[in-house]
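2 protein chains.
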Amino acid sequence: MKKKVIIIGGGFAGLAAAQRLSNQKNISVTLIDRRNHHLFQPLLYQVAMAGLNPSDISVPLRKLFSRSKNITTLMAEIETIDLEQNKILMDEQWKPYDYLIVACGSKHFYFGKNEWEEVAPGLKTIEQATEIRRRVLLAFELAEKETDEEQKKALLTFVIIGGGPTGIELAGSIAEMTRYTLYKDYKKIDLKKTRVVLVEAGNRILKAFPEKLSQKAKKDLQNLGVEIILGTRASNLTSKGIQIGDQTLKSYTLIWAAGVKPAKITEKLNSPLLPDGRVKVTQHLTLPKNDSVFVLGDQAACFNKTQNDYLPGLAPVAIQQGKYAARTILNDLKGKNRKPFCYVDKGMMATIGRSKAVVQTGKLQFTGLFAWVTWVVVHIAYLVRFKNRVFVILQWAWSYFKFGSGARLIVHKTWKFYSGEKIPISKKD
Amino acid sequence: MKKKVIIIGGGFAGLAAAQRLSNQKNISVTLIDRRNHHLFQPLLYQVAMAGLNPSDISVPLRKLFSRSKNITTLMAEIETIDLEQNKILMDEQWKPYDYLIVACGSKHFYFGKNEWEEVAPGLKTIEQATEIRRRVLLAFELAEKETDEEQKKALLTFVIIGGGPTGIELAGSIAEMTRYTLYKDYKKIDLKKTRVVLVEAGNRILKAFPEKLSQKAKKDLQNLGVEIILGTRASNLTSKGIQIGDQTLKSYTLIWAAGVKPAKITEKLNSPLLPDGRVKVTQHLTLPKNDSVFVLGDQAACFNKTQNDYLPGLAPVAIQQGKYAARTILNDLKGKNRKPFCYVDKGMMATIGRSKAVVQTGKLQFTGLFAWVTWVVVHIAYLVRFKNRVFVILQWAWSYFKFGSGARLIVHKTWKFYSGEKIPISKKD
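Taken in order, these protein sequences are the chains called A and B.
Quick note: the first sequence uses this note's numbering, first residue 1, plus one each step.
Quick note: the second sequence uses this note's numbering, first residue 1001, plus one each step.
Right under this line is the structure:
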C-alpha cells in the first residue's frame, strides 16, 4: 500500500517537496493549488513594472510533473482539514492522507485596514502585478492629457509603502523607467519629474540586511531620484492620496509592500499561532500535536536558534523546508529517526536598478555591478523551467541594451483607478 | 499654420495613416485610441490558445511614435463629433481638426442576442483572448478532477461558432493542443478524446476563399479531429450548452467567431449606413457630405467594382486605406486632385495548425507546408515592431520543436465560467 502525501500549495516549499518525492516508489502525491501555475514571486515586481510577461516567471504545475508517475496535480481549493481522521475536503470530496504538507504562503496584511487594499494593491499574484502595471501606466497616460498642473503633479506622484526588498525594487524600477525608458515617449509631460516616494515606518530600509547595505541601497535609490521617508507611518490611504506622518500627499498610485500574513488555512489547523498568524512548528516542521502534518514556508513559524528568532518568509527558507519535509517522509518509510530541520543561510540580496544591487552572503557584503550580476545569475538559476530562463534572459538583455521596456500593456479597459472612482480630468474648452 | 489631423483608432488603418504622416511638415497629428497599444489581431487566437503572450503581438502606440515630432498620442474616448464645426469632444475638451480619420474597427455581433456574449466570448481584444484561454484551460482542470462521466464529457466539449479564418484557427489550435501538447500533462483524463465542434451556418467554411481551399481546410481540420457542422445555425446558447440545428450539445466552453459590427461611433457620423452598420464611403473613402472626414477599415463600406461588392474587413484593406487617406491629405496640401482609392488584392490566407495552411494569391492557390511557411513569413513581416518579430519567432520555434505550449496561465482566479455561475463538480465521498 502506497503512502498518500497531500501537498497544499505549489509555491517554493510545496514545489520543492513534490520534486523530491517525484517518482519515489511507495509514495503517491497529490499536489493541490488554487492556481494552475507556480509563480516565481521574486521577479513579480518586474511584471508589475512591465519588464517581463506573466508567463516568463510562471510555469504550469501540471507541466512540471507530467513525467512524475506518482504525482497528481489538481487545481482546487481546500474547504477543510480533518486532523483526527487524516483527510481533507476538496470540491465536496474527502481525500485521505498519510502525510499532509501545508504550504499555502501568505497574502498582504493591511494592519486591519482592509479598505486600504483597494487603493494600495500589494504584489503577490499575477493579477495584482498587472493591476499595478495598469495603474502606473494609466497615470502617465492621464497626466499626458491633463491640463491642470496640480492634478498633473498628483498623477505623477507614486507612493510605495514599505521599505523591504519588494518596496525598494518597485521604487527603483518606477524611478528608472520614468527617467531612462519612458520619458522619450511622452511629449507633453516631463516624466523625469515623476515623484517616487518610498515610506518606511522603521528607521532604515532593508532592515533585514546589514546596516551598511541599507545605507548603500538608500543612496542608490536617492541617486535614481526616489524620495525616502523613514521612521514615519503611512495612514489615511484613500483613492486621492495618503498621509505620511503629518504630511498629506496627493497621489493616485499607492502600492503596498508593507505587511504580510499567512493564508487563512492556518486557522484550520487548530494549533498555536504567533501573533502574526504563523503556525508554531516543531523542529521537525510539524504541528506540535500531529507529526504527520508539516507546515512550511510563509505559514510556518520555525524558531532558529542561531538567529534567536523565527525564520523569515523567504524563498530559500521555503525551498529548504520543502526538501526537508520530503526527506523526512522518505526517512520515515525507511524507519529512520527524524532529524531536526537546520536552515543553511546563504544570504540575501536585493536589486535597486540597472547594474545596482546589494548582496550579503555569510560575512561577505558587496554592492554595485558585481552584486547586480550575482543577483541576475542567482535569479536566473532559481527560475524553475529552462524555457523561462531563456526568455527572461532574452527580455533582460533586450531591455539592458535597448533601454526599452518590455510589456507595456494596459489590460482591462477601464478608466477607473479604483472601483467606482474615475480620475477626474480637468475641463477646458 | 499647420493642418490638424485627428486619427481615431490605432488599428491597422489608423496606424498606417499616422506612419505615413509622421514627420511631415505642415501637419500635426493627434492619434487617439481607447487603448494604449496597437494590437496585431490576426495572431490574437494564439494568445487565446496560450501560444503567445499578449505583449508579443501588441506594441504601445506611444512607443511607435516617440520619434515623430508632429504626432501626439492620446489614450482617450471620443464622446462626440461635431461635423459642422470640425471638432471632436474628448475628456470634456473640444479638439478642432482640419481632417478627421475615423478607424475604430469592429466588435462582435450576436445577431441581437446580446445575452450570448457572456456565454460565448468573441476574440477582438486581449482581455477576450485571456478570458477564452482561462475558460479552455479551466475546463481541462475541472475535467481532471471530475468523477461524473457525463459532466466530464461536457467539460471536454468545445464549440466554436463561425467558420471564417478566426473560427478555423481556433478550432485547429484547440484540437492540436489537446492531441499533441497537453495530453501528456493530464493523468486522469484522455485529452485526445476532447471534442472540438465547429459550427458554420453557410454551406462551407472559409467562404471568402476559393472552393478548393475550403475543402482542403475542412479535410485538414477533420484530420485533426475537429467535427464540422455546416449549413446549420447555432441557437439557444447558454452557460451549459448550445443548440445546433435540432441537436443539443452540452458544453461549457463556447467561442463566438461568427459576426462583427462596426464600433458605435459610426452612428455619430450622421451618414448613410449599410444594414451591417458600416458607413457608406465615397471612392475617396470620405463621407458623402464631408470630404474632410475619412472612414476606414472595418467601419467603412467601400464599394469595389472589380469584386462588385463591398471590401471585406481585412487587415490589408485597412492598411491600404490608411495609407491612401494619408496620401490624399498630403496631396490636398499640394493642391493636387484626389484620385479614387484602388484596392490591390494580394490574396488571403488562413492556418489550420502545424505545417498546415491555405493560401490564395492572384490565381495561385496552395496548401500544406509551403502555404504554412508563407503564412508564417507574412505574419512575421506584418508585425509592427522588430522586438515583437523576434519574440514571436522564438516562441514559435520553441513550440515547433518542443511541441510545447507557451503561456498556459489561468489568470483571474475564479472558479466561475460565467458571472454568478460555478460549474458543478459532482459529489463523492
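All C-beta atoms in this analysis are idealised placements derived from N, C-alpha and C, irrespective of residue type, glycine included.
Predicted model only: the values in this text are computed from it and were never measured.
Report task. Report the rounded CA-to-CA distance for V29/A versus Y1186/B, giving the unit in angstroms. Result -> Each residue's Cα considered, the two are about 15 Å apart.
Query - Exposure of F1040/B, with buried meaning 16 or more beta-carbon neighbours within 10 Å - result: The residue in question, F1040/B, is buried, as its Cβ has 16 or more Cβ neighbours within 10 Å.
Query raised in the report: Do G1347/B and V1317/B have their C-beta atoms closer together than 9 Å?
Result: Against a cut-off of 9 Å, the Cβ pair of V1317/B and G1347/B comes out as no contact.
Query raised in the report: How many angstroms separate the CA atom of I1101/B from the CA atom of L1021/B?
Result: The alpha-carbon separation between I1101/B and L1021/B amounts to approximately 12 Å.
**Report entry** Close beta carbons around I126/A, own chain, < 6 Å, minus the five adjacent residues each side
**Finding:** Excluding positions up to five away in sequence, the list reads P54.
Report task. Pair every Cβ in the segment 161 to 174 of chain A with every Cβ in the segment 197 to 214 of chain A, then say whether three or more of these pairs are closer than 8 Å. Result -> Touching, yes, given that three or more Cβ pairs across the two stretches are closer than 8 Å.
Requested in this report: Report the residues of the segment 29 to 60 of chain A with a CB closer than 7 Å to any CB of chain B, ordered along the chain.
Outcome: If you check each beta-carbon in the segment 29 to 60 of chain A against every beta-carbon of chain B, the ones closer than 7 Å belong to R34, R35, N36, H37, N53, P54, S55, S58, P60.
Requested in this report: Could you confirm whether any beta carbon from chain B is found closer than 9 Å to the beta carbon of E141/A?
Outcome: Output row for E141/A: interface = yes.
Report task. Assign S1419/B to one of two classes, buried (16 or more other C-beta atoms within 10 Å of its C-beta) or exposed (fewer than that). Result -> Any reading at S1419/B needs caution, since the residue's pLDDT is 41, under 50, leaving its predicted position unreliable; the model's value is listed next. Around the C-beta of S1419/B, fewer than 16 other C-beta atoms lie within 10 Å, and the residue is accordingly described as exposed.
Query - For L1156/B and W1372/B, the rounded distance between their alpha carbons - result: C-alpha separation (whole angstroms): 28 Å.
Query - C-beta neighbour in chain B for Y418/A, strict 9 Å - result: For Y418/A, the predicted model reports a pLDDT of 48, less than 50, meaning its position is unreliable; a value from the coordinates is still stated below. Closer than 9 Å: no.
Requested in this report: Evaluate M1349/B with the Cβ neighbour count: other Cβ atoms within 10 Å of its Cβ, from every protein chain shown; 16 or more gives buried, anything less gives exposed.
Outcome: With 16 or more Cβ atoms within 10 Å of its Cβ, M1349/B is classed as buried.
Query raised in the report: Whole-angstrom Cβ separation of I1032/B and I1078/B, contact assumed at under 8 Å?
Result: That pair is a contact at about 7 Å.
Report task. From the DSSP output, in three-state form, read off T72/A for me. Result -> Residue state, collapsed to three classes: strand.
**Report entry** Opening and closing residue of the beta strand (DSSP E) in which N308/A lies
**Finding:** Element bounds for N308/A: n/a, residue is neither H nor E.
**Report entry** Cβ of D1185/B within 9 Å of any chain A Cβ
**Finding:** By this cut-off, D1185/B is an interface position.
Query raised in the report: Considering only residues of the same chain and omitting the five flanking positions on each side of L1259/B, which have a CB-CB separation below 8 Å?
Result: Going by the sequence as given, residue 1259/B is Gly instead of Leu. Within the same chain, G1259/B has close Cβ partners H1108, F1109, Y1110, F1111, G1162.
Report task. For the beta strand (DSSP E) holding I1291/B, just list the boundary residues, first then last. Result -> Here the sequence assigns Asp to residue 1291/B, which means Ile is not the residue at that position. Where D1291/B is concerned, the enclosing beta strand (DSSP E) stretches over 1290 to 1295.
Query - Closer than 9 Å to chain A by CB, D1091/B - result: For D1091/B, the answer is yes, since a Cβ of chain A falls inside 9 Å of its Cβ.
Query raised in the report: Which word fits P60/A, buried or exposed, when buried means at least 16 other C-beta atoms lie within 10 angstroms of its C-beta?
Result: Buried is the label assigned to P60/A, since at least 16 other Cβ atoms lie within 10 Å of its Cβ.
Query raised in the report: Going straight from the alpha carbon of G245/A to that of T130/A, what length do you get?
Result: Counting only the Cα atoms, T130/A lies some 30 Å from G245/A.
Query raised in the report: Which residue's Cα is closest to the Cα of S1251/B: K1240/B, I1081/B, K1261/B?
Result: Ranked by Cα distance from S1251/B, the options K1240/B, I1081/B, K1261/B are led by K1240/B.
Query raised in the report: Is L1274/B closer than 9 Å to A1301/B when the C-beta atoms are compared?
Result: Yes. Within cutoff.
Requested in this report: Determine contact between the segment 1166 to 1176 of chain B and the segment 88 to 102 of chain A, defined as no fewer than three beta-carbon pairs at a distance below 8 Å.
Outcome: Counting C-beta pairs closer than 8 Å gives fewer than three between the segment 1166 to 1176 of chain B and the segment 88 to 102 of chain A, which falls short of the contact rule.
Requested in this report: Indicate the three-state DSSP secondary structure (helix, strand or coil) for Q85/A in the structure shown.
Outcome: For Q85/A, the secondary structure class from DSSP, reduced to helix, strand or coil, is coil.
Requested in this report: Verify the CB distance criterion: does S66/A have a CB-CB separation below 9 Å to chain B?
Outcome: At least one chain B Cβ lies under 9 Å of S66/A.
Query raised in the report: Given D429/A, which residues of its chain have a CB within under 8 Å of its CB, disregarding the five upstream and five downstream residues?
Result: Confidence at D429/A is low in this model, with a pLDDT of 35, below 50, so the placement of that residue should be treated as unreliable; the coordinate-derived value is given next. Once the five neighbours on either side are set aside, D429/A has no close Cβ partner at all.
Report task. Compute the distance between the beta-carbons of A1263/B and A1018/B, then report whether it is under 9 Å. Result -> By the CB criterion at 9 Å, A1263/B and A1018/B fall outside the cutoff.
Query raised in the report: Using a Cβ-Cβ distance under 9 Å, would T73/A count as near chain B?
Result: Interface with chain B (9 Å Cβ-Cβ cutoff): T73/A is included.
Requested in this report: Please confirm whether Q222/A and I229/A have their CB atoms less than 9 Å apart.
Outcome: No; because the gap between Cβ atoms is not below 9 Å, this pair is not in contact.
Query raised in the report: Between which two residues does the alpha helix (DSSP H) containing T1166/B stretch?
Result: In the DSSP assignment, T1166/B falls within the unbroken alpha helix (DSSP H) covering 1165 to 1176.
Query raised in the report: Considering only the beta carbon of each residue, do F1366/B and T1374/B sit closer than 9 Å?
Result: Against a cut-off of 9 Å, the Cβ pair of T1374/B and F1366/B comes out as a contact.
**Report entry** Reduced DSSP category for Y1099/B - H, G, I as helix; E, B as strand; rest coil
**Finding:** Reduced to three states, the DSSP call for Y1099/B is strand.
Report task. Output, in chain order, the set of chain A residues within a Cβ distance shorter than 8 Å of P1076/B. Result -> Contrary to the premise, residue 1076/B reads as Ala rather than Pro in this sequence. Within chain A, the residues near A1076/B are K145.
Requested in this report: Determine, using beta carbons only, whether K430/A comes closer than 9 Å to chain B.
Outcome: Past the boundaries of the shown model lies residue 430/A; chain A is included only from 1 to 429, so the question cannot be answered.
Query raised in the report: Can you find a CB in chain B that lies within less than 9 Å of the CB of I265/A?
Result: No, I265/A does not count as interfacial toward chain B.
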